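Okay, structure first, notes after.
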Amino acid sequence: MTEALCFALDGVLVHRTRSDAEILRDVFTSHAIEPTEARLATARASFRRAFDALEPEPYRQSMAAVVDAADSDTDPAELVATLREETYAATTVPGAARESLSGLAETSALAVIANGPREWQVGKLDRHGLTDSFDAVVASYDAGAHRPDTAPFDRLRERVSADEYVMVGDGDDVSGARAAGFVPIEYRTDGPDLWATIDALL
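Given below as structure tokens:
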């Protein structure tokens, strides 16, 4: 029986070392914009509105809203570039994940299902040299809906043929996977070691 083993990206494969607020404060400061709480809130709200509606360039819309609120002449694209670099720099991949993926690739097709614009999410994999570890990467913007909608899972089925599909993630990942007919493996930061559990199960 062929198997496709799918992973959520943020919080499962790639872990954050700094909060969104810390990153945004550094981004604003580096462009001479005072990082007030109101501007942080503007950035988050503008991003969430655009992201939820699957509007193009949600990060640019977020930074443009901050530029307007601060009455700054900074090019929003420059803020986005800094935000992207600071966000990627604040990520890490557990050593156990790299070792486990190498072994799992010998027996299963590997894939990523991630919420977000494709370029931004694939960039995280590129940053850590993981892109070639996967047979497919599906971003919610590709599928026209964010998890827990089943559309990203359906798109993955179109990309990778298998008898059984397994999804490793948490929250919306698990509920969406179950609704799409995937076998869910729930990841909890306070639970047993994820990679040891996957190795034992598979």
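Going by our numbering, the first residue of the sequence shown is number 9, and it counts up by one from there.
The beta-carbon is built from N, C-alpha and C at its ideal position, and this holds for glycine as well.
Computed from a prediction, not measured in an experiment: that's the story for all the values here.
Using the beta-carbon count (16 or more within 10 Å), is A53 buried or exposed?
exposed
Assuming V146 contacts V174 (C-beta within less than 8 Å), just tell me the rounded distance between them.
15 Å between Cβ atoms; not a contact.
Buried versus exposed, by CB contacts within 10 Å (16 or more), A122
buried
For P66, does the count of other Cβ atoms within 10 angstroms reach 16, so buried, or fall short, so exposed?
buried
Less than 8 Å between the CB atoms is what I'm expecting for S38 and A51, so what's the real figure, rounded?
The Cβ separation is near 14 Å, so there is no contact.
Look at A144 and A119 and say whether their C-beta atoms are less than 8 Å apart.
yes
Given P156 as reference, the closest of S183, F36, F142 and V176 once Cα atoms are compared:
S183
Under three-state DSSP, which class holds E65?
coil
For A97, which option in R68, T25 and G152 has the closest C-alpha, if you only look at C-alpha atoms?
T25
Tell me, please, whether the segment 71 to 78 touches the segment 102 to 117 by the rule of three or more beta-carbon pairs shorter than 8 Å.
no
Taking its Cβ as the centre, do 16 or more other Cβ atoms sit within 10 Å of R196, making it buried, or is it exposed?
exposed
Host beta strand (DSSP E) of A12 (start-end)
E11 to F15
Grouping DSSP H, G and I as helix and E and B as strand, with all else coil, what is P192?
strand
Measuring only the C-alpha atoms, how far is E93 from G137?
16 Å
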